[in-house]
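For the sequence shown, the positions run 56 to 486 when the numbering used here is used.
Cβ coordinates follow ideal geometry from the N, Cα and C atoms, glycine included.
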Amino acid sequence: MTTVPTTLDPWREKGIPLDKQFRSWRERVKAPYNKRDVDAYTRARVILMNGVENECWNYSHHFARCTDNPAIKGLLAQTRMVEQQQQTTINWLNPPDQTVLETTIAYEQVAVDLTAYLARNEPDAYVREAFNFGLLEDFDHLYRYSELLDYLEGKDPDSILQGKTEIIPGRPTADHHNDPEVMLRKHYEKNRALPLSKLHTLTLLSAEQQTYLFYKEHGFEYGSRLARELYAEIGEVEEHHVSFYESLLDPSETYLERQVMHELMEVYNYFHCYAQETDPRIKQIWEEFLGMELTHLHLWGEMLKQYQGVDPRELFGDTMAVDFKFTENKEYVRRVLERQRDLRLIAYGWAPKDRLPKDWPSYRYQQIVNAGGIPSEEVVMRQLQQRRPAERPGDELLDRARQVAVKVDADTTAAAVAGDGAATPATQEVK
Ligand SMILES: [Fe+2]
Ligand SMILES: [Fe+2]
Ligand SMILES: [Fe+2]
Ligand SMILES: [Fe+2]
């Protein structure tokens, strides 16, 4: 692979003119990758950039609903149409024979290796601690879903992960359920925070939001009560993560500043995708979309100058160093796990779990949601019951899981599906 520079001047780099950015259906929809030979991190980039585009589309609508400036509304409509076309191209690279659970494993791999790398390189200590905290939760999700993949579809999660990301318990998912207010963090100060912290936060927020959406959109596709409950449980944790990361953003950033930040985030992420991509066909897509985003950035930077009298370079710097890459973070994750597995959230901070106040609000919340059993514990227990003697790392959870009263309710949904006679892996109930 040719060497690609890691810095660029995003304000001077030439982009693709806006009137050359719309694509036909034929141009937009590309052949999917082959799930058997795609590199795990190519798939990770596809998942990440789908989330980034979705956030940019979504934010653009939000902005449009809150402004009456025709020039701004007009440019939002133009760039938003491009964002959603890009999203189709990217998301449609996922192949139809990749099951929801296989894709789920890939989503959690993205969460782990994205969060870990960003944390390792995050300049702000408080933001870094927030990333480390979230990291151990997604790391545990990967373990729970891996058990479900094995249990329900009889597949090895390493066929997706390719040995790049470990499958061991993190902070137990049963402990991720917090009182909603406890999730909120202190925000960075927009005038003091480095542009890199802003880009890290918005990138991670986009990825977590996409994970939330994916679980909410696809969890119902399994007939198994256990699978449906596990998607409900972890889907809710992803909602926590969205609230958690978005609370790091400084709310005094204006809509226009945020819009420029979104475009800059797209440039940042397409740049590393382009620099790191090993599949030449997909690399071309990253390069083309990078060209589109540079133009979006320039146009929105002009808007910022015109309507707020602010040069975007003052806010976001002259040059951009992009050293992000999807890569293994096993050592880093293990170190964070050792130090922080037992940390829990308190108002705007963290505390060891044995030093939580008696009236910690999350106790009450956990009592409510875990009242009828905990799917993330049950999946481990069931898997251990059906499988060879407990030998894997994390099997100590068996003891804990055995303490969970498991009552298998009749699953009317599964019964209804089974009534069709369609006994596919997605419709088999777990007994
Ligand atoms: Fe975009
Ligand atoms: Fe997760
Ligand atoms: Fe997450
Ligand atoms: Fe854009």
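From the listed residues D213, F194, G70, the smallest Cα separation to A171 is found for F194. Scanning its chain for C-beta atoms nearer than 7 Å, with the 5 sequence neighbours on each side dropped, one finds around K245 the residues D305, S307, E308, in chain order. For R399, DSSP records a beta bridge to A406. In the DSSP assignment, T62 forms a beta bridge with A376. Ligand 1 approaches C111 closely enough that one of its heavy atoms is under 6 Å from the residue's Cβ.
Following the DSSP letters along the chain, one finds R313 inside the alpha helix (DSSP H) bounded by residues 310-331. Excluding its 5 nearest sequence neighbours in each direction, V84 has C-beta neighbours in its own chain below 6 Å: W147, listed in chain order.
Exposure of P407 is indicated by the presence of fewer than 16 other C-beta atoms within 10 angstroms of its C-beta. Judged by DSSP in its simplified three-state form, H232 adopts coil rather than helix or strand. With a cutoff of 6 Å, Q133 does not count as near ligand 1, since its C-beta is closer than that to no heavy atom of the ligand. At least 7 Å separates the beta-carbon of L156 from that of L103.
At a cut-off of 6 Å, the beta-carbon of E163 counts as near ligand 2: some heavy atom of the ligand is closer than that.
Between the C-alpha atoms of A402 and L260 there is a straight-line separation of about 20 Å. The alpha-carbon of T266 is positioned some 18 Å away from that of P151.
In this structure, the straight-line span from the alpha carbon of Y362 to that of L345 is close to 26 Å. If you compare the alpha carbons of V101, H242, M316 with that of A185, the shortest gap goes to H242.
Judged by DSSP secondary structure, C111 falls within the alpha helix (DSSP H) whose first and last residues are 95-119. Within the same chain, R283 come within 7 Å of F275 by CB-CB distance, once the 5 residues on both sides are set aside. The alpha carbon of R437 has as its nearest neighbour, out of A126, R280, K338, H353, the alpha carbon of R280.
Pairing V434 with E202 gives a Cβ-Cβ distance under 7 Å.
Taking 7 Å as the cut-off, the beta carbon of L352 is found closer than this to the beta carbon of V322. With a contact defined as Cβ atoms closer than 8 Å, E108 and Q142 qualify at about 4 Å. Across the set M238, Q314, G278, the C-alpha of M238 shows the shortest separation from the C-alpha of E294. DSSP, reduced to helix, strand and coil, places S252 within a helical segment of the structure shown. Secondary structure note for R91: it is in no alpha helix (DSSP H), with a DSSP letter that is neither H nor E. A248 and G225 have their alpha carbons spaced roughly 30 Å apart.
Between the C-alpha atoms of A426 and L251 there is a straight-line separation of about 42 Å.
Residues T97, R100, K338, W341 of the same chain have their beta carbon placed closer than 8 Å to that of E332, with the five preceding and five following residues left out of the count.
S261 sits in a helix when the DSSP states are folded into three classes.
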